[in-house]
Each structure stands twice: as structure tokens, then as C-alpha cells.
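Enquirer: Residue numbers (UniProt numbering), protein chains in the order written: chain A, 1 to 299; chain B, 1 to 364; chain C, 1 to 281; chain D, 1 to 438. There's a structure below that I have some questions on.
The following block contains the structure:
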């Protein structure tokens, strides 16, 4: 293992060829993913073509799950809503995340303050999910703080009900949760930009906007890609937030899969999962085309 | 304060011919044209990082005449880089004023100062090619692509980098990156170019080539360069005006020869090297090492000590004499003279010099 | 880096962005603050405002288990912590190793990377169900330290790998080159140069592993064997109980995570300080 | 803890039970018994049984540390309890990891998932001691007055008996093999906030009254949600059903179509999926009426918020939890599992669960462990003489209170629909998603 532990330049004596070293290093992860993800995935794939009833799957070819998936209005509705969530959440977390990361990296001058603010942004991320979810009702509910405030200020006479148990509420919770990974990924990329580069651009007469567009944005592409992967996969794979915040009243792809799994209807859930997986992997593939985060590591 | 007066530059200098396929008219890169007294002037400038802390730069004043190559020389922490950064506008001035071409620019943002800074780490934009790096400042001013690229190519030619115009920074060597950085600084047509230890990252061979190049370009453009360095060789080789700094103040600012021959105080004498600082008749004097001799000579001042080191340097031999007070004195003698006597390490020896070669130093 | 300066005014964008950050922090902490405040709800109070007096009643209930069915919180907590620590350490080691591999090009790198993304995207219940089914087909018995840890790793490792990418992306290879020039062996380069430099990142991975293991239910619940983890117990509890005890649990968990974060921050800054002192010496 | 004061001191193990079991154990563990024949039999039994652990996975109302503690006190083998976080995990666990579980309690509606799976053990009627004392509702599907109970939905009798020992099919008529031992059950209805509504509510139809648009909640989950909705739609006469607890495809289509209309009109505030959510929705004023569980209503009331739980004219929605043993059990362990199931209905645990607001299937046994006042309040619809405490000692109702809906048979005798898992579940789940997406 020691010889395998790090990348060695070619002139260094090597017990293992770099390729073998890489394989050994990645082996534990590969084994776990193969055993715990890919084999179950293969089972899921097979199951999607089988007939089913009452928590049972029969070893008979049944294409109904796939036919329904590719022909029904439901699929369109599910993906329309899911992509709507992904798009809105991505745009908002991107803009918000960029503003915050940019502010922390280039406007906050004290390193200690920057660290403190980063920690402040990261810490709620470590609070238990279910508890964070129940905490929205006292805030956004019919008798929640915001409604009390609105009515106290006589801005409304009736409580505003779309704050909670609505698509709006779902979006609020997503943005609340997923801005932090965007900030972290982008701030990390920004930290790699030497200050002299920004100074040089300023000296050249670039405005703040020009520096952002022409210098910072191209240089933080890998951070944008990683942050986007986090956000897109989290929203597309989520069932928990959408269920809690909509009061189970909206149906996304993930919700639909879970509804079927809760009814022990594995084949249609399997078919939906596979399509979802293919779509997410394609999006990630596109994001990596935009900025290959792995290439950054290879010198 | 002494001011170095330098001859004003000769007439316009034509740049090396531009390849036929770029700009139709051969441009003139000569940049300093208007009449003014000084390219840069620092008036009683003080820099404090903490309101009540010790100043990093303490009430310094300096005038840099037109078209000069000025080196800020000193040990690390002496305030030379801070001074440069204040000139560039990267650091704020706590007290005092800065003028460029006789115009006060103390609080102006970098881009409006008429200065341009070349960074120690070059600070090239890693995602842009050499050409686009150089063209950047034109781009942000909204110059059309064809025009700005043509212009950028001229400047790449000036630094002899036009053949690598399409390379990204990480595909270039350190020396090449530096030339691109230089071109990028120059394309803004600065009145004063600021260089922060520009040669420190280069190997000795490249360093010497590059320093000739810098001098050539400075003369060609007819603007002032202000160059921060801690290497006295570099300063002596390049500078029209050497500014020696220590402990936040200027020790001496004068033409290279004057600094070398008549250092104002012991620090300057020691820092520049090639001088012995001696207590002679109750005062502190400096004597150039090459004006010292080995062995007592009548009519000359002398001191005695032990030879502690002998260095052969080709043309010259450098002999260190350690006095009873444990101070090292240096005698620099032509190799031929040395081999006549060939004294050895450990021998007791006398070092002597003409009283007329003594140069009185100001107390520090 | 520019220093504070009384004369040069902050650009307008500074105030604009500072306002955005403040608004965001308010948005981030408002629901959390509700949890913390409501956990001190009086004994007759409910899960929403207004407060019916202030008390530590719900914490007492949580700790003593008196007067309320609060399930088996104590044991569930111990189980979760044990599992979380093992998973955190494994996540850290496996992600570190895999991250090092990605510093070279190798065949199969895409395979592992997309497996990680797959693992992240697949619905948790499905992964959990698939693992349970596989164990069943193979005749293995589910257990917290086999299927339980395995199932949790499918959740923590993708994050570990992505964080490693971030961490190593920032690592300046010249440090390693310098070490090589100085004659360090591969092992020495790894232990003496790379690990100390990326240590904060590695601790970050362990922290992420710890917390996401502690939180995970979808994959874990079918594969943990006998004995619920904390979130399973809380979910089970919610089918029978509804009291500010839940908020008390929230406050306690937050305190626990805060402590972890702060302790690891202190450890990191100590390490940094020690390194500074060493370099200064 | 109130148990000490409210329950008579009781030692469960009668001498007869002990020897009875030890004799069986001796017969079954032939070789070992022969080898140890020199020792007195009860010693051997006690020795062997000490190492046995029975793992009980179940609902959060029955897998409570206090019950486990008492079971371990009373029984010589060890009982370990685990609360299933949700039905999905529970059923999947039993199906994919049956040998990690020994006994389990779950809603009878789940039983369909176990048909033909060979996972559950047929419990011989002879092995269960309290079958004679069990309510006829479970024994033969009749009320005490001899009339047949409602069969709409998944009535208890529909999965109470296995046809034969092979445990492959259910029987509607009594046989010698139980699918499980009846445990607890209740009649649910609409919980309402009288302070916000201000008029009597007596029909499930009010759930869909536009007057309450945006102020009602349905139960989340396909089969529970549809049952509430069907009660309401039938009450309003908008859809007619042959059996609303087991709809045809056409009935499902009609139901979903109506529900989509109501959803689009903003009738539903939220769907609740657990106790906590139902309480929070009600207590925080999000919802004014919704189908609820009895303890959830009590919980709302203990917050000082008015909440009533009266029966509707269309009847209650009934549900039923039974306890089954797993088929992998053998020998002594099988006996212990049966012994444990007997213990659960011997009274102490029944009383414990009753104090949470549910009925036990052998009320006579539970009665022994409850005070007359408690039993009067929970089972007989009488006004409480003193404060009524929950099993953890917290005051649930003040003296003078009566249970909403009255006595056991006032409530259980008027079931409009049982919780259900329809034959057309597959079709329903598919259509339900269109409803959620609408």
C-alpha cells in the first residue's frame, strides 16, 4: 500500500506501476459500490421487467411498467414538476451561492471573519433533517410567525396559506438546504484564484462586473460543476423534503417512486428509478463536459 | 535628499519592425511625450497597517526623474514592496501624497494612475492564452477583438513572445510567462511601470538575460521603471537611480555609481558590499575593498588582524581579515598581485589604505 | 491582500452583497431558532407558538423518559453513534485512498465515478431494499456491521469522493514535487506532506460521514438488523408521540453537532498553529 | 409510574403453565431431555429457556420499553423489542429478512402481502389460551348481539384464519389455525376543532364541504387516504359503491376523478402520514377537521385545545392490529413465541395499551389490570371519577370526562368501513398518483 499511496513522478523508482497503484487505491470504493449499489441496481433492472401484485414479483416478463412510463401523461407531469423544481432551485442557489461565495472571498477582508461566516453557513447543515423539516410549520404555518407578523402589520387580514404545504414551501426548504453546498464549492474554487490575478485585472481597468465575467467565472467552473451536481442530484433524488413541505400534495418523480415502493409495487418503481438515474447521469455528464472536475486533479 | 539628474531620453525610438500581416501602420510605442518634471514623486509618505502601530513606511520622500530605471533596494521587510504597492494603488497611503507625471494620484484607483504593475508571481490569467492575457485590458475597455489582438501581438513582439501567442500560462516556462506579464503591463501604456521582484523566480542565466531585456525595453519606451529587488547586483546593473531602504526609511537615493562610491552610512556601505566600514580617528568611514591593500605601507592608515578566508574570484582574489575585535574586513586585490605573495589563512596580516580613499559616513 | 482602509470607500456592491448574506443567514437560522425556542415550551405547550411559559420540562422528559413514551432513545443514540463513528472512519479512509487514485488517469475511473453518482441518485429505499434482497438471496443475515455499514457507505462515500476532489483540486502539487526532490519516498510524501496539508479536508470528510451516517434512514432501516438507530427510533416515535420532546431532541442533536464542529475546528486550528510554530522555528 | 398503584400485584407464571410447557419442551427436545433425565424437569426447562431471545418487531404502541421490561420480569426467556419506523420497512423486513424476527404485530391489512409467502406461522387455536375470551368480532366476525359486523374494507375476519396448516390461504370461517392473535383495535372518526367550526359535525361528507376548503387533511398513503375519501364521497352521494372498502376499477376512476376536482379547488390543506403530523396540523390551526386516531385527539386536548372525536352517522373507520409469529421458529423457541403471545393478551400489556386509548381483544383480562374507573372510562363510556392517566402517568382526562363516542360497542359496533387493502390495489396506486400530480 505505501507505494500505492501517492502519485509519483516518472523519475521516481516505483514498486507498482502508477496504473496498478490507482487501481489498488480505488479498489475499496469500487468493491463497495459494486456490491452494494450495482448488484442491487442489476436486481432492480431485472425486476422492472417482471409482473407483480401485493408485494410479490412474479418471474414473468411484463412490460407494462415500462409502457406506462413511456406513454402516460403522469410521467410528463412528474418530470415537468421535477425539472421545474430543479431549474428554480438551481438558478436561485447558483445566484445566491455565487453572491455569498464572492462576498466571502473577495469582499470580506479578515480571514477570521470569513471563517466564522463560513461556519455559520455550514452549521445548520448538520442539524437533523426531520427536525429541520418540522421547524418550518411554526414559521410558515397558518398560525406561524410570518403570518402573525403579516397580520400584526395589517398587511393581510387572512393568513397567507401558500407559505406552507405548497410548491413554494418545497422550494423554500430546498433553497434553505442546498445553498450551502453551492457556496462551499464555489468559495473553494475562488480561494484558488491568486489575489494578484484579480489585482492585475483591476489594474487593467476591468470593472467588478468584467472581473466576475471574464476572470472569476471561467476560473470557478469546476466549483460550479460540483455545486450543481450536488444541487441537481439532491433535488432529483429527494423525497423527504417534497413530502414534508407539500404535505404530500405534489408529486415528483422521487415521490412517485416512493409511493409505489410504499405500496410494495417494485417493478414500476424500478422502471422509474432507472429512467431517473439515466437522466441524472446524463445531466452530470453534461456538467462534466462544462468543467471536468477530475481533470483538475491530474497534473 | 539627493536627486539624481539624468539625461533626458533621446529622440523617439522605433520598435523592431512589425510583421507585415498585422497592423497596417507601424505603431510608435514610445509613451512618454508630455513635458513634466518627474515621472513619479513621493511626498512625505507614511504607511501604517495598524492605527498606532509601527509604520511600515515612515515619512519617505523621493523624486524619480523622467525616463529613469529606478531600483528600490533593501532587505526584506524594509518597506520597499509596500512603497511599490502604494505607488500602484494596491495599498492605501496613511499620510503623504504620490504624484505621477506631476499629477497627484494618491487616492486614485490603480487604473487611473498611469502606473502598471508586474506581479512577482506574474498573475497571468490561467484560462487565457498569452495573446488574450495581453489583450485583456483592451477587452475590458471594449476594444474590438481584431484590433485588440493586433495590438496585443505588437506587445508580444516587443517582448519576443509572439511565437507563443496561443499558449496558455501553464504551457509556458517561467521566463516566458514573465515576458507575457511584461507585455500585459505595457499594453496599458503606463507612465510608470512597477516591477515587484520580477527576476527572483528565474534561474541566474535567465535573470541576466532578462535584466538586459528590461533595460532595453525601458529605454525603448522612454518611461520610468520602478523595480523592487533585494539584489545589489541587479540594482547596480540596471538602475539609473538606486533607492536603498532600511527600517521603513530611505537610506540613500542616488545614481548607482554615487551610491556605490559614496554610501551615506554604514548600512548602505555594508548592504551594497565591496566596502569596509572602519572606525578611523574617531569617525566612521568606508573604504572600498579594492582600495585596501595587504601589508603595512608607509603613509597609509592600517589595522591588523588574521587572514580568515581567501576566495579566488578569477580576476580578483578576496581576502578576509578578521580583526582583534572580531570584525571582518575585506581586501579585494588583482589575482596577479595576490599570487606574488600568496599569504595563507591564519597568518597575521596588516590591512592598509590611503586616508584619501576614506569616505566619511553619516552616523545612523 | 488589501487591508482595511479608511479612505477608500467600500464599493456599493459590498453593501448589496452584505445585505444578501445577512438576509440569507436570517433565512437559514429562522426555522432553526423556532426549534430551539419551542424546545423550551412550557409543560402544557404545543409544537407551535405562542409559548405557554418557559421550562426545561421537555428535556427532563427526554432524559428521564417519565410521563411520556419516548421509546428507546438512549440505546438508539448509542447504536447510532457507534455506527456513525465506524462509518466516518471508513468513509475517510476509503475516500482518501480513492481520491489519491484520481490524481492519475486510469482505466475504470469513469466507472467508479459514475457508480458514485448512481449511488447518490438512486432512491435510498431502493438501495436499501436491493441490499436486503441481495443478502436474502445469498442467505446472509443482515447485521449492523455488515449490511448496515455497507448500506450507509453507499450514501457517505459519494460525498467523500466529491469532497476529496475539492480538497485535492486545491492541493498544490509542487509541495509534493518538492518533497520528491528532497528524497522523500512515496510513503513519506503521503504521510509527511500530503496528509498534513489536506488534513482539514480529511477531517471534513469524516465529519460529513459522521453526520450523514447519523441521519440516514432510507438505506439503513432494512439493513441494520435488530435495534433501531436514532432517526429510525424518532420516526417510529412520531407515529405515537407528538410533543415538544421532538424539539428537545432537535436542540440536543444540534448542540451535539455544534460541539463536534467546534471541536474539529479547534483541532484543525491547533494543527495549523503547531505547523506554523514548526515552520517559524 | 402509575402501574404500581393502579395494577394489582401479579405474578404471571402459574404453576400449571410452567409444567405444561416444560412437559412439551421435554417431549420436543428428546435427546437432550434423555441425557438430562437425572435432573428434575423444571430445572432443565428453566436452564434451556434462559438462553432464548424472542425478537418482537411492531408498532410503536406495543413495542414500548416498559412493556418489554414487564415481559422480561414475568417470563423466563428474554424479549427484545424493536419499533418499526414505518409499514414499508416493517413489511419489507419480514419479507426479506424473516429470520431476524420472531414475533410481530401489524395491521391486518398487511396480511395480504404474506399470502403464499410462507413467512408467517399458523398459530394453532389450541395453543392460544384466550381464544374463548376473545371478542366474537374476531372469532367469527359478529357483534355481541350475534349480528354480522360490517365487511366493507378489510374486516378482521377476512384474514383471521388460515384455511389449513399449510398457511397458504385465508378462511372466512373458523378453522384450527390463526393468522395471528388479535391484539388491539379501534374505531376512528373525524377529529374536529369545535372552537373554529362552531356547529355540530355529524357526517363524513363535511370533509369535502367547500366551507372548509383548505382546512381539511386526508391521511397520506393510498389505502388509508382513499378510505376517508370514500366515506365522504359516499355520504355526499357523489359516488356510489358496492363495497367502498374494495372498489372496482370503475369506482376507483370515479373516486379519483372527484378527488382531483376537490384538490384543484383547494379543498385539502395537507395529507398527514403519522401521529405527530396529525396532531401538529390540528393543534397549530392548519386544519379544522380531519380523520384522526384516538390518542392524537387526546394529545391535542392535553394542549388545552378543544378537539372532539364524535362518531359520524355513516359510522366509524375501524382498524385492527394482530400479532403473528414467524414460520422459521422451531422447538423451544416456537413455544416461547407462543407463550409470549399468550402473555401479551394476559392482561397487563392489554391494560397498558388500553390506557393509550385502544381496545384490547380480551377485555376481561385487561380489566383485571385496570381500576374500575379506568375501565369504566375507556371501555364502558362512563364518566371518569378521578383523573385518567396515560400508561406513563400523565393526566389524559380530568375527572368527569367521558370518552367521545361512548362505550366499546357504541363505537366498534358502528363501523362504516374497515381500513383496507383493495384487490385492485395496483390499479388504485397508479390512479392515486394522478390525483397527487393534479
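Just so it is clear, CB atoms sit at the ideal spot from N, CA and C, and this is done for glycine as well.
1) Express the C-alpha separation of residue 79 of chain D and residue 216 of chain C in angstroms, rounding to a whole number.
2) Which residues bound the alpha helix (DSSP H) around residue 135 of chain C?
3) May I have the straight-line CA-CA distance separating residue 198 of chain C from residue 94 of chain C, to the nearest angstrom?
4) I want to know whether the stretch 215-223 of chain B touches the stretch 145-153 of chain B - three or more CB-CB distances under 8 angstroms.
5) Where does residue 88 of chain D fall in DSSP's three states?
6) Return the first residue and the last residue of the beta strand (DSSP E) that residue 54 of chain C is part of.
7) Answer yes or no: does any C-beta atom of chain D fall closer than 9 angstroms to that of residue 151 of chain A?
8) Are the C-beta of residue 136 of chain B and some C-beta of chain A separated by less than 9 angstroms?
9) Roughly how many whole angstroms lie between the Cα atoms of residue 264 of chain D and residue 184 of chain D?
10) Closer than 8 angstroms by beta-carbon distance: list the chain B residues that pair up with residue 204 of chain A, in chain order.
11) Closest Cβ-Cβ distance between residue 92 of chain C and chain F: below 9 angstroms?
12) If the cut-off is 7 angstroms on Cβ atoms, which residues from the stretch 21-34 of chain C count as contacting chain A, listed in chain order?
13) Exposed or buried, which one is residue 165 of chain D when buried takes at least 16 other CB atoms within 10 Å?
14) Which whole-angstrom value is the C-beta distance of residue 120 of chain D and residue 181 of chain D, which I expect to be below 8 angstroms?
15) Report yes if the CB atom of residue 107 of chain A is closer than 9 angstroms to the CB atom of residue 10 of chain C, and no otherwise.
16) Rounded to the nearest angstrom, what separates residue 170 of chain D and residue 364 of chain D at their Cα positions?
17) Can residue 231 of chain C and residue 194 of chain A be called in contact, C-beta distance under 9 angstroms?
18) Per DSSP, residue 22 of chain C forms a beta bridge with which residues?
19) Start and end of the alpha helix (DSSP H) containing residue 214 of chain C?
20) Taking just the CA atoms, how far does residue 98 of chain D sit from residue 81 of chain C?
21) Work out the CA separation of residue 259 of chain A and residue 233 of chain C for me, nearest whole Å.
22) Could you check the C-alpha separation between residue 136 of chain A and residue 25 of chain C for me, to the nearest Å?
23) For the beta strand (DSSP E) that residue 418 of chain D lies in, which residues bound it at each end?
24) Which residues mark the beginning and the end of the alpha helix (DSSP H) in which residue 71 of chain B is found?
25) Just to check my reading of the structure: residue 241 of chain A and residue 174 of chain A have Cβ atoms closer than 8 angstroms, yes? What is that Cβ distance to the nearest angstrom?
26) Within a Cβ cutoff of 6 angstroms, which residues of the same chain sit near residue 204 of chain D, ignoring the five residues on either side of it in sequence?
27) Label residue 422 of chain D either buried or exposed according to how many other C-beta atoms from any shown protein chain fall within 10 Å of its C-beta, with 16 as the threshold for buried.
28) Taking the straight line between their C-alpha atoms, what separation do you get for residue 47 of chain B and residue 82 of chain B?
29) Using only the alpha-carbon positions, how far apart do residue 281 of chain A and residue 117 of chain C sit?
30) Output yes if chain C places a C-beta closer than 9 angstroms to the C-beta of residue 103 of chain D; else output no.
31) Among the residues of its own chain, which have a CB less than 6 angstroms from the CB of residue 99 of chain C, if the five just before and after it don't count?
32) Do residue 266 of chain B and residue 259 of chain B come within 9 angstroms of each other at the CB atom, strictly closer than that value?
33) Just the C-alpha distance for residue 389 of chain D and residue 34 of chain C, rounded to the nearest angstrom, thanks.
34) If we cut at 9 angstroms on Cβ distances, does residue 415 of chain D have a partner in chain C?
35) Write down the C-beta distance between residue 37 of chain A and residue 193 of chain C rounded to the nearest angstrom, noting that I regard them as a contact closer than 8 angstroms.
36) Consider the Cβ of residue 267 of chain A: report whether some Cβ of chain C lies at a distance smaller than 9 angstroms.
Expert: A quick look at the data gives this:
1) Computed Cα separation, rounded: 27 angstroms.
2) Going by DSSP, residue 135 of chain C is part of the alpha helix (DSSP H) stretching over 124-138.
3) In a straight line, the C-alpha of residue 198 of chain C is about 15 angstroms away from that of residue 94 of chain C.
4) Contact fails between the stretch 215-223 of chain B and the stretch 145-153 of chain B, because fewer than three Cβ pairs, one in each stretch, are under 8 angstroms apart.
5) The three-state reading of DSSP puts residue 88 of chain D in helix, counting H, G and I together.
6) Per DSSP, residue 54 of chain C belongs to no beta strand (DSSP E) and is neither H nor E.
7) It does not: the Cβ of residue 151 of chain A has no partner Cβ on chain D nearer than 9 angstroms.
8) At least one chain A Cβ lies under 9 angstroms of residue 136 of chain B.
9) Those two C-alpha atoms are separated by around 38 angstroms.
10) Residues of chain B whose Cβ lies closer than 8 angstroms to the Cβ of residue 204 of chain A are, in chain order, 111, 136, 137, 140, 184, 188.
11) Among the protein chains in the structure shown, which are A, B, C and D, there is no chain F.
12) Taking 7 angstroms as the Cβ-Cβ cut-off against chain A, the residues of the stretch 21-34 of chain C that qualify are 21, 24, 25, 27, 28, 29, 30, 31, 32, 34.
13) Counting Cβ neighbours within 10 Å, residue 165 of chain D comes out exposed, since fewer than 16 surround it.
14) In fact, because the Cβ distance is near 12 angstroms, the residues do not count as touching under 8 angstroms.
15) Yes.
16) Straight-line Cα distance between these residues: approximately 28 angstroms.
17) No.
18) BP columns for residue 22 of chain C are empty, so no partner.
19) Segment 195-215, the alpha helix (DSSP H) holding residue 214 of chain C.
20) One C-alpha to the other measures close to 27 angstroms.
21) Taking the straight line from one Cα to the other gives about 22 angstroms.
22) One Cα belongs to residue 136 of chain A, the other to residue 25 of chain C, and the distance between them is close to 16 angstroms.
23) Where residue 418 of chain D is concerned, the enclosing beta strand (DSSP E) starts and stops at 415-418.
24) From DSSP, residue 71 of chain B is part of no alpha helix (DSSP H) but of the beta strand (DSSP E) over 69-73.
25) About 6 angstroms separates the Cβ atoms of residue 241 of chain A and residue 174 of chain A, confirming a contact at the 8 angstroms cut-off.
26) If you ignore the 5 residues before and after residue 204 of chain D, its C-beta comes within less than 6 angstroms of the C-beta of 231, 232, 235, 312, 314, all in its own chain and listed in chain order.
27) When all chains shown are included, residue 422 of chain D counts as buried.
28) Between residue 47 of chain B and residue 82 of chain B, the C-alpha separation is close to 8 angstroms.
29) Rounded to whole angstroms, residue 281 of chain A to residue 117 of chain C spans 7 angstroms at the Cα level.
30) No, no contact with chain C.
31) Apart from sequence neighbours up to five positions away, the residues of its chain that approach residue 99 of chain C with a beta-carbon distance below 6 angstroms are 164, 168, ordered along the chain.
32) No, Cβ-Cβ distance for residue 259 of chain B and residue 266 of chain B is not below 9 angstroms.
33) Computed Cα separation, rounded: 30 angstroms.
34) No, residue 415 of chain D lies away from the interface with chain C (no Cβ there is under 9 angstroms from its Cβ).
35) For a cut-off of 8 angstroms, the C-beta gap from residue 37 of chain A to residue 193 of chain C is around 33 angstroms, too long to register as a contact.
36) Chain C contact via Cβ: absent.
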